[in-house]
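Undergrad: Provided herewith is a single structure, encoded as structure tokens, for subsequent inquiry.
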Amino acid sequence: MSTDTALTTEVNALLDRVLAQLPPGPQQASLSDIRDRLDEPLRVAIAGKVKAGKSTLLNALVGEQLAPTDEGECTKIVTWYRNGHTYRVEMQPHEGEPRQLRFNRDDGAIEIDLGGADADSVERLVVDWPSPQLERITLIDTPGVGSLSTDVSARTTAFLTPEDDRVTPADAVVYLMKHVHSGDLGFLEAFHDEEVSQATPVNAIAVLSRADEVAAGRLDAMESAIRIAERYRTDPKVRRVAQTVVPVAGLLAETGSTLRQDEFQALQALAGAPDDERHRLLISADRFVNADTTTGVTSVEREPLLKRFGLFGVRLAIGLVVDGTVNSASALADRLVAHSGLPELRAALLSQFADRRDVLKARTGLLALTAAVRTMTPDVADELNGEIERVTASAHDFNELRLLNAIRTGIAPVKDKDVADIERLLGTSGTSAIARLGLPADADDAQVAQAAHEALARWQQRAESPMTAPDLAGAYRVLVRTCEGILTAGTGA
Amino acid sequence: MTDNTPKRSPLGVRMNVALSTTRDLAETHNRPDLAERLTESERHLDDPLFHVLVVGEFKQGKSSLVNALVGREVCPVDDDIATAVPTVLKHGPDPTAAVLYRPPESADPEAATADPVREPVAVESVAEFVIESVKPPADRRIHSVELVLPAPLLESGLVLVDTPGVGGLGSMHSTVTMGALPMAEAVLFVSDASQEFTQPEIDFMESARSMCPNIVVLLTKTDFYPAWRKVKALDEAHLERLGIETEIIPVSSTLHAIAQETGDEELDGESGFPAMQEHLLTRIVGQAETLSAVKLSSDLNGVLDQLKSALQTHKQALNKPEGVEAKRSEFVAAKQRAEELRSRAAKWQQTLQDGTADLNAEVDHDLRARFRKINQSVDEVLETIDPATAWDEFEPWLYQRVAEDVVNNYRYLQLQARELTERVAEHFALEQADLQLIDLEVSDPTEGLSRSDVAAGLELKEEGALDRKVAVVRGGVMGSLVVSFPMGMAAAVLPVLASASVVLAPVLMVGFGVKAFRDNKTKALVQRRMQARTTQRKYMDEAQFLANKDARAAARLTQRELRDFFTTRAKEQSAAIDEHLAALNTVLQTDQKTVKQQLAKVNNQLKAINTARGQVDMMTPKAGS
């Protein structure tokens, strides 16, 4: 929508103005950073508890094995992965100048040489890596909250306050959650990561990670995971902190994205075993590695296979070869990735984050501005606050996001039966006109216009009805504006 | 005997033999009161039940495990659904099932503590009642589900209780489970091999072990996780760090099921099930039996000692007739004092009465103090949240806090009751010691309990304040105490709170009556907060009322049982003295000619007693055997 760039322009202008007024110092420096940041790709952090599968998921998204997934030192440091012209690793310590680090990559993940530096002294590592996947989004891998160091008495403060008014390093967050009961007090722990961002429904997605584990190895694991994710998606606790929930079998996604020819050949050989031998091999993890086989694939070769694919992945892959669905490494790779839920995650990232990039960036900018203005003298502050108000109020995209937030947190008193339609209109299933109106993908311009007119009429009537309470009317007016925007823009989004 | 009699083990047979012999002797020697006591003990022996709780976080494989253990798919297993209701499985010849319903929610909170209503259902339909998403009719809430099955594992008397996994170990349901622990013989703690113990799991085990020391850890889903050995090692390190001595048994219910179907013994071995079943039977059932034997042997020896001492008085008198008159006066005087022991003015009665009053006051105070802290926390929390949006989090958090405190308060009650029991026992023994006039050979009650054959969970404490020791043996099940007295006066199981049912659940199920709060149209945050506070205080008042009521009922029950127990012992004391007097009278009336005959008869009777002693000794293996 054309107001996007206008919004960013206005925010940039405001930032420049405030920067000019600030004396040199740490505040000016950090605001200046924010200013620069607005021009960069969107920053998406991957957060969650230890061993939730963050690094694995990151690798799957990038399509390469970059982040280490073992328990070495480097997994304890926040690491940024961004698109670069060349391959480069830089370390930024808490104190002192950043410096470049040596690394190598023989087989698998990058191995970074910290050069003797202590992990605790490092604020973050920045990896520049040429990759099409990183063009629109910079990924931040976080070490995660340790499950055994969580203070249980922190239960008393387990209440999430939905509005986030701090500026944090990331613009958006992907929270990895494991299948935990929603009545469990630890349920929402996955959504706490003070370092990165506190969850707000507009800039967070939840991923049900390790989705293959929900069925402990049964081949219909993903179907179960989809059902479970659906249930979480409608849970009021989750709705308040994340836009949607997507199930992903991270290991399968990573391995599928990085499948090697020799791995495929080994699987093919195993698939060729006689039926009962194959059945015996697949019955348990121990058996897969240790049982005798006539296929010539040794234990030593099978063990890393199991580590790469997991038992579920091994069963799935061999099954696909046996029934003739795949007969090449690339075919298998495609099937595995498709099955893992990764494409759905990419689609969610695209519609929730990438497409909203400007709004999310602008939001970051405005939060920073608000914080900076608070430190100024009242007369200056008043005027600037007025400007900030104006920008915020006039930015329709903001209003859409705020309404979404308000619905999710229960503040906006919209009727239950309207919620699904309203959210969709506000862009939760995608920001294109077709997505907002819930039309089939092949709808033509005329159909879109028709649907937009109908929606406009509907919400306008509600907004203008004297029976409607004032703040509800305000909500309806936002929807009316959205419809108007669709009509003005034609079929474009 | 009904068809439900569990198979008796060799030890069980020995116990029965010893018991019969001793009881017959009691009858023969004119002590029907002792025979009666032994008949009570026999009733316990015939129907031993060992409750084993199966506990674990959400989705760790508890229900699959229970199904595999009983060989039948009774507990529902689903990727998404959790068990919400405790399921009790016990042995019987034919499969039957019943659902127990809580009394309906009513305006009268007293009604909540009535007994559950039992309704039979089809065995196949049990799953429908147990899962989380089930909504029973509005006026009926499910308390638990009971299943009777002819499963071989349950034949020995094992009773499995599958506890709700809903909400995980940090939840209210788990706290209620915790409250049931003192009644359990053992806990099967289920944790899967996907990762090492989480903090809630560790917290649970730490809390649990003081109430039920017999914990066995089952590491599940070893078929699926290749790194299970590493996880096992990590878990073992945690347990060592905590000082919890227990075994971790790796199992896979999936592999076991396949092995059963295909008859593959090798695979079954890999599933870990044979090892687990063996462990269950020896460690849990075996230990419980050993404890039973220890208790019974104390009991029987006590009875035999009394019989023996009367015979010895008789024998002594026959050998030394000139001292009889003097002895007789002594015993008459002793009889007088024995009557005092029985009376209400006895010191031990005072201790009991005062002690019970103190106990009530202290337990009450404890709960008040805890609730006060919750109120403070709530006030703090309400300052920071908006109840309209945060209610979904606030409610379970509050339930959890209240549940924890109610359970902790109940544990405090149990500890206090135990201490009271020991104090009363001491005072009783002290008063009784005054009655000792005669140097008799009595068996040392601690003899049967050398440290090496005391099973895990038994604690031997010797009060050194007296000449003769009072041995207090605490069994694995916290609800029982064995107290042995000098003069072999008594050894019996004191059912401290064993029969006081844990009525925690009704307290905790008292919901927030005012759910309409959420639909409140009030806009002002301040008003919402005030309303939340009011609602919360009201809930806690009710919870406090109910918890208090339960505590007092438990205290009353304890008091009654202790009073009955020691009064009976005092009566036995009198009866014993009567027997001594009767023996002396017989001697006085005996003429010279029949002395030899009488002596022979008495010696034979003493022999019979020794034989019985031998049988009792067979029940408890000595160190080194």
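Residue numbers (the numbering used here), protein chains in the order written: chain L, 1 to 493; chain A, 494 to 1118. Glycine included, C-beta positions come from ideal geometry on N, C-alpha and C.
Count the other C-beta atoms from every protein chain shown that fall within 10 angstroms of the C-beta of residue 1006(A), then say buried if there are 16 or more, exposed otherwise.
TA: For the purposes of this step, residue 1006(A) is taken as residue 513 along the second sequence, with counting starting at 1. Summary for residue 1006(A): the model assigns pLDDT 39, below 50, so the residue's position carries little reliability; its value from the coordinates is reported in the next sentence. Exposed.
Undergrad: Using the C-alpha atoms, what's the distance from residue 419(L) back to residue 483(L)?
TA: On the first sequence, residue 483(L) is found 483 positions in, with the first residue counted as 1. On the first sequence, residue 419(L) is found 419 positions in, with the first residue counted as 1. Whole-angstrom Cα-Cα distance: 16 Å.
Undergrad: So what does DSSP say about residue 6(L), is it helix, strand or coil?
TA: As a first step, residue 6(L) is located in the first sequence; it is residue number 6 there, counting from the start. In this structure, residue 6(L) counts as helix in the three-state DSSP scheme.
Undergrad: Under a CB-based cut-off of 9 Å, is residue 797(A) close to chain L?
TA: Here residue 797(A) refers to the residue found at position 304 of the second sequence. Chain L contact via Cβ: absent.
Undergrad: How long is the line joining the alpha carbons of residue 6(L) and residue 59(L), rounded to whole angstroms?
TA: Position 6 of the first sequence holds residue 6(L). Position 59 of the first sequence holds residue 59(L). If I take the Cα positions, the gap works out to 35 Å.
Undergrad: Starting from residue 416(L), find everything on chain A with Cβ-Cβ shorter than 8 Å and list it in chain order.
TA: The residue you call residue 416(L) lines up with position 416 of the first sequence. Going along chain A, no residue has its Cβ under 8 Å from residue 416(L), so there is no contact; the nearest lies around 12 Å.
Undergrad: Does the segment 305–317 of chain L come close enough to the segment 788–797 of chain A that 3 or more CB-CB pairs lie under 8 Å?
TA: Not touching, per the Cβ criterion.
Undergrad: If we ignore side chains and look at the alpha-carbon of each, how far apart do residue 325(L) and residue 735(A) end up?
TA: As a position in the first sequence, residue 325(L) is number 325, starting the count at 1. As a position in the second sequence, residue 735(A) is number 242, starting the count at 1. Looking at the two C-alpha atoms, the distance is approximately 52 Å.
Undergrad: Taking any Cβ of chain A, which residues in the segment 281–314 of chain L have a Cβ under 9 Å from it, in chain order?
TA: Answer in chain order: 283, 284, 285, 286, 287, 288, 289, 303, 306, 307, 310, 311, 312.
Undergrad: List the endpoints of the continuous beta strand (DSSP E) containing residue 92(L).
TA: In the first sequence, counting from the first residue as 1, residue 92(L) sits at position 92. Where residue 92(L) is concerned, the enclosing beta strand (DSSP E) stretches over 88–93.
Undergrad: Would you tell me roughly how many angstroms separate the C-alpha atoms of residue 767(A) and residue 761(A), rounded to the nearest one?
TA: By 1-based counting over the second sequence, the position of residue 767(A) is 274. By 1-based counting over the second sequence, the position of residue 761(A) is 268. Between residue 767(A) and residue 761(A), the C-alpha separation is close to 7 Å.
Undergrad: Identify the residues that DSSP records as bridge partners of residue 103(L): which are they?
TA: Locating residue 103(L) in the first sequence gives position 103, where the first residue counts as 1. Paired residue(s): 112(L).
Undergrad: Quick check: the segment 539–559 of chain A against the segment 518–528 of chain A, are there 3 or more CB pairs under 8 Å?
TA: Cβ pair count under 8 Å is below three, so no.
Undergrad: Does any residue of chain L bring its CB to less than 9 Å from the CB of residue 511(A)?
TA: For the purposes of this step, residue 511(A) is taken as the residue at position 18 of the second sequence. Chain L, which has no Cβ nearer than 9 Å to the Cβ of residue 511(A), makes this no.
Undergrad: Express the C-alpha separation of residue 1083(A) and residue 1112(A) in angstroms, rounding to a whole number.
TA: Taking the second sequence and counting its residues from 1, the one referred to as residue 1112(A) is at position 619. Taking the second sequence and counting its residues from 1, the one referred to as residue 1083(A) is at position 590. Rounded to the nearest angstrom, the two C-alpha atoms are 39 Å apart.
Undergrad: From the DSSP output, read off the bridge partner residues of residue 549(A).
TA: By 1-based counting over the second sequence, the position of residue 549(A) is 56. Residue 549(A) pairs with 683(A).
Undergrad: In chain order, what residues of the segment 702–730 of chain A put their CB closer than 8 Å to some CB of chain L?
TA: From the segment 702–730 of chain A, only 714, 715, 716, 717, 718, 719, 721 have a Cβ closer than 8 Å to chain L.
Undergrad: Considering residue 123(L), what are the terminal residues of the beta strand (DSSP E) in which it resides?
TA: Walking along the first sequence from the start, residue 123(L) turns up at place 123. Looking at the DSSP string, the run of the beta strand (DSSP E) that includes residue 123(L) is 122–128.
Undergrad: Answer yes or no: does any C-beta atom of chain L fall closer than 9 Å to that of residue 688(A)?
TA: On the second sequence, position 195 is the one that residue 688(A) refers to. It does: the Cβ of residue 688(A) has a partner Cβ on chain L nearer than 9 Å.
Undergrad: If you scan the segment 294–337 of chain L from start to end, which runs of the alpha helix (DSSP H) of 4 or more residues do you find wholly inside it?
TA: Counting only runs of 4 or more, we get 299–322.
Undergrad: Among the residues of its own chain, which have a CB less than 7 Å from the CB of residue 339(L), if the five just before and after it don't count?
TA: Taking the first sequence and counting its residues from 1, the one referred to as residue 339(L) is at position 339. Only 222, 252, 316 meet the Cβ criterion.
Undergrad: How many whole angstroms separate the CB atoms of residue 172(L) and residue 350(L), which I take to be in contact at a CB cut-off of 8 Å?
TA: Taking the first residue of the first sequence as position 1, residue 172(L) is located at position 172. Taking the first residue of the first sequence as position 1, residue 350(L) is located at position 350. Wrong, their Cβ atoms sit about 12 Å apart, outside the cutoff.
Undergrad: Find the residues of chain L that neighbour residue 751(A), judging by a C-beta separation of less than 8 Å, and give them in chain order.
TA: Walking along the second sequence from the start, residue 751(A) turns up at place 258. Under the 8 Å cutoff, chain L gives 283.
Undergrad: Counting beta carbon pairs with one atom in the segment 525–536 of chain A and one in the segment 637–655 of chain A, are three or more of them shorter than 8 Å?
TA: As far as the Cβ criterion goes, the segment 637–655 of chain A does not touch the segment 525–536 of chain A, which means the pair count is below three.
Undergrad: Can you find a C-beta in chain A that's less than 9 Å from the C-beta of residue 213(L)?
TA: On the first sequence, residue 213(L) is found 213 positions in, with the first residue counted as 1. Yes, contact with chain A.
Undergrad: Starting from residue 748(A), find everything on chain L with Cβ-Cβ shorter than 8 Å and list it in chain order.
TA: In the second sequence, the residue the question calls residue 748(A) occupies position 255. The contacting residues are 283, 284.
Undergrad: Report the three-state DSSP secondary structure of residue 240(L) (helix, strand or coil).
TA: The sequence position of residue 240(L) within the first sequence is 240, counting from 1. Residue 240(L): coil per DSSP, three-state reduction.
Undergrad: If you follow the beta strand (DSSP E) that residue 611(A) is part of, which residue opens it and which one closes it?
TA: Here the question's residue 611(A) lines up with position 118 in the second sequence. It spans 610–614 - the beta strand (DSSP E) in which residue 611(A) sits, taken as one unbroken run.
Undergrad: Just to confirm before moving on: does the CB-CB distance between residue 682(A) and residue 697(A) stay below 9 Å?
TA: Against the second sequence, residue 682(A) aligns to sequence position 189. Against the second sequence, residue 697(A) aligns to sequence position 204. Contact flag set, yes.
Undergrad: Helix, strand or coil for residue 64(L)? Go by DSSP, reduced to three states.
TA: Looking up residue 64(L) in the first sequence gives position 64. The answer is coil: DSSP assigns residue 64(L) none of H, G, I, E or B.
Undergrad: Assuming residue 624(A) is part of the beta strand (DSSP E), what are its boundary residues?
TA: Taking the second sequence and counting its residues from 1, the one referred to as residue 624(A) is at position 131. Where residue 624(A) is concerned, there is no enclosing beta strand (DSSP E), given that its DSSP letter is neither H nor E.
Undergrad: To the nearest angstrom, how far is it from the Cα of residue 826(A) to the Cα of residue 1048(A)?
TA: Position 333 of the second sequence, counted from the start, is the residue given in the question as residue 826(A). Position 555 of the second sequence, counted from the start, is the residue given in the question as residue 1048(A). One C-alpha to the other measures close to 36 Å.
Undergrad: Quickly, what does DSSP pair residue 137(L) with across the bridge? List them, please.
TA: As a first step, residue 137(L) is located in the first sequence; it is residue number 137 there, counting from the start. 42(L).
Undergrad: Just the chain L side, please: which residues come within less than 8 Å of residue 876(A) by C-beta, in chain order?
TA: Position 383 of the second sequence, counted from the first residue, corresponds to residue 876(A). Under the 8 Å cutoff, chain L gives no residues; its nearest Cβ is about 11 Å from residue 876(A).
Undergrad: Count Cβ pairs between the segment 264–274 of chain L and the segment 287–299 of chain L that sit closer than 8 Å; are there 3 or more?
TA: Because the criterion of three Cβ pairs below 8 Å is met, the segment 264–274 of chain L and the segment 287–299 of chain L touch.
Undergrad: Using only the alpha-carbon positions, how far apart do residue 401(L) and residue 883(A) sit?
TA: Within the first sequence, residue 401(L) is the residue found at index 401, counting from 1. Within the second sequence, residue 883(A) is the residue found at index 390, counting from 1. If you take the alpha carbons of residue 401(L) and residue 883(A), they lie about 21 Å apart.
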